[in-house]
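Let me begin by presenting the structure, written as structure tokens, before commenting on it.
Have a look at this one:
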């Protein structure tokens, strides 16, 4: 399989490693009302997740071409655009008034949730080359999107994100080992 998937695989590993600490730091910053820590944590984590997220999406782009799935390719492009827009808006919104910040974050959550659900459906197309693993990963994206959409279950997203990142890494490493 395409050696370029190695970048996506390692980016997924990095995501899996930093997800929980990032959410803990963000939670601490939020409850201590430390604006400087919150801004710095948001900027640093947003940039790191942007880079690793783009690399993971690049892996899905490669796979969409491999299986000739137009839907996965389109959803990869859409998710790519949403990821960049969300990152920029998330960083800029740190300088908004708290009420405006809350409204912006709710809107962002809905956009991310819907994108995640549709991306999960698109990932199910990878069953052609990854069977059960593609199903598990697609379902995780859908569950994650559902948790975000309910707003109340958003607190579970760090756990689903961790599981999703681990499945992404396994998928990409497994496909790296496959022969063309």
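In our numbering, the protein residues as written are -18 to 161. Idealized CB from N, CA, C, for every residue including glycine. Bear in mind that the values here come from a model prediction, so they are computed numbers and not experimental data.
- Message: For residue 80, report the span of its alpha helix (DSSP H) as first-last.
- Response: Looking up residue 80 in the chain shown gives position 99. Segment 79 to 104, the alpha helix (DSSP H) holding residue 80.
- Grouping DSSP H, G and I as helix and E and B as strand, with all else coil, what is residue -2? By one-based count along the chain shown, residue -2 stands at place 17. Three-state DSSP puts residue -2 in a helix.
- Item | Cβ-Cβ separation, residue 148 to residue 105 (assumed contact under 8 angstroms), whole Å | As a position in the chain shown, residue 105 is number 124, starting the count at 1. As a position in the chain shown, residue 148 is number 167, starting the count at 1. With 8 angstroms as the limit, residue 105 and residue 148 do not qualify as a contact, their Cβ atoms being about 13 angstroms apart.
- Item | Residue from 73, -15, 150, 4 whose Cα sits closest to the Cα of residue 135 | Numbered from its first residue, the chain shown carries residue 135 at position 154. For the residues 73, -15, 150, 4, the minimum Cα distance to residue 135 belongs to 4.
- Pick out whichever of 25, -8, -12 has its Cα sitting closest to the Cα of residue 6. By one-based count along the chain shown, residue 6 stands at place 25. It is 25.
- Would you give the residue range spanned by the alpha helix (DSSP H) that residue 54 belongs to? Within the chain shown, the letter at position 73 stands for residue 54. In this chain, the alpha helix (DSSP H) harbouring residue 54 covers 51 to 74.
- Message: Between the alpha carbons of residue 119 and residue 85, how many angstroms are there, rounded?
- Response: Taking the first residue of the chain shown as position 1, residue 119 is located at position 138. Taking the first residue of the chain shown as position 1, residue 85 is located at position 104. For the pair residue 119 and residue 85, the Cα-to-Cα distance works out to about 27 angstroms.
- Task: Just tell me which of 49, 122, 20 has its CA closest to the CA of residue 76.
- Result: Here residue 76 is taken as the residue at index 95 of the chain shown, counted from 1. For the residues 49, 122, 20, the minimum Cα distance to residue 76 belongs to 20.
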